[in-house]
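If you read the protein sequences in the order shown, they are chains S and H. Each number in the working numbering corresponds to the 1-based position in the first sequence with 332 added. Each number in the working numbering corresponds to the 1-based position in the second sequence with 50 added.
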Amino acid sequence: MDVAAAACLVLGAGLALSAGAGLVRFRTTLDRMHAGTKPQVLSVLLVLVAMWLHRPTWWNAGPLLIVGASQVITVSVAAYMVARAAYSRQSSRDETEMPPSEED
Amino acid sequence: MTAVYLVTMALLACGAAAALWRVGRGPSMLDRAVALDVLTSLSMCAVGLFAVVRDDYSDLPVLQVLSLLGFVGSVSLARFFPGRSR
C-alpha cells in the first residue's frame with residue numbers, strides 16, 4: 333500500500349514538472365494552456381490518491397473526494413474562461429494584421 | 051521512503067521554478083493567469099505531500115481553500131481582461 337502511495341506521489345510530481353516544462357517551452361497562450369491544465373489536474377488527483385492510500389479510512393475519503401471533484405470542475409471552468417479570452421484576443425489580433433484591401 | 055519524498059519534492063520544486071519563470075516572463079496577463087493556476091495546483095501537491103510526509107492530515111481544508119482560490123483568481127482575471135494591456 334505504501335509503495336503504491338509512493339508511486340502515485342512520484343508520478344504526480346512528474347506530471348507537475350511536465351506542466352511546468354510545457355509552460356516554459358510552448359509559444360502561444362493556447363499551447364501553454366494545453367500543456368499546463370491537463371497534467372495539473374492529473375497531478376493533483378494522483379497526490380490525493382496517494383494521500384488516501386497512505387491512510388485509507390472513510391474519514392479521509394470524504395474530504396479528499398470533495399477536493400478532487402472541486403478541482404476537476406473548477407479547473408475546467410477556469411481553463412474555458414482563459415481560453416475564450418485568449419482566443420478572442422488572438423483572432424482580433426489576426427484581423428488587425430490583415431493586409432490592406434486592394435482598392436487602396 | 052525518504053528518497054522518494056526527496057525526489058518528489060525536487061520534481062515539484064523544478065515545476066514551480068518553471069511556472070514562476072513564466073509568471074515573470076509571460077508576455078500577456080493570460081499567460082500569467084495560466085502560470086499562476088499551475089503554481090496553485092503545485093502548492094496543492096506540496097501541501098498533500100507534506101501531509102503524507104508528516105503523517106498529519108489536518109491540512110485537508112487548506113487543499114479545499116487553495117482549489118477554490120485558484121479558480122476565483124484565474125476566472126476573474128480572464129473575465130475582466132481588457133484584451134490589449136500587456
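Ideal Cβ positions, reconstructed from N, Cα and C, are used throughout, including at glycine.
| task | Check ALA351 of chain S in the structure and name its three-state DSSP category. | result | helix
| query | Counting only beta-carbon atoms, is ARG136 of chain H nearer than 8 Å to chain S? | reply | Residue confidence for ARG136 of chain H is low, a pLDDT of 46 falling below 50, so the modelled location carries little weight; the figure read from the coordinates is stated next. So no, ARG136 of chain H is outside the interface.
| Selection of the region 387–404 of chain S by Cβ proximity to chain H, strictly under 8 Å | ARG387, ASN392, PRO395, LEU396, ILE398, VAL399, SER402 and GLN403
| field | Within 8 Å, strictly: CB atoms of ALA337 of chain S and LEU385 of chain S | value | In contact: ALA337 of chain S and LEU385 of chain S (Cβ atoms closer than 8 Å).
| message | Check for me: the alpha helix (DSSP H) holding TYR55 of chain H runs from which residue to which? | response | 52–75
| For LEU380 of chain S and VAL356 of chain S, the rounded distance between their alpha carbons | 26 Å
| message | Contact defined as beta carbons within less than 8 Å: I believe ALA101 of chain H pairs with MET413 of chain S. What is the distance between those atoms, to the nearest angstrom? | response | With 8 Å as the limit, ALA101 of chain H and MET413 of chain S do not qualify as a contact, their Cβ atoms being about 30 Å apart.
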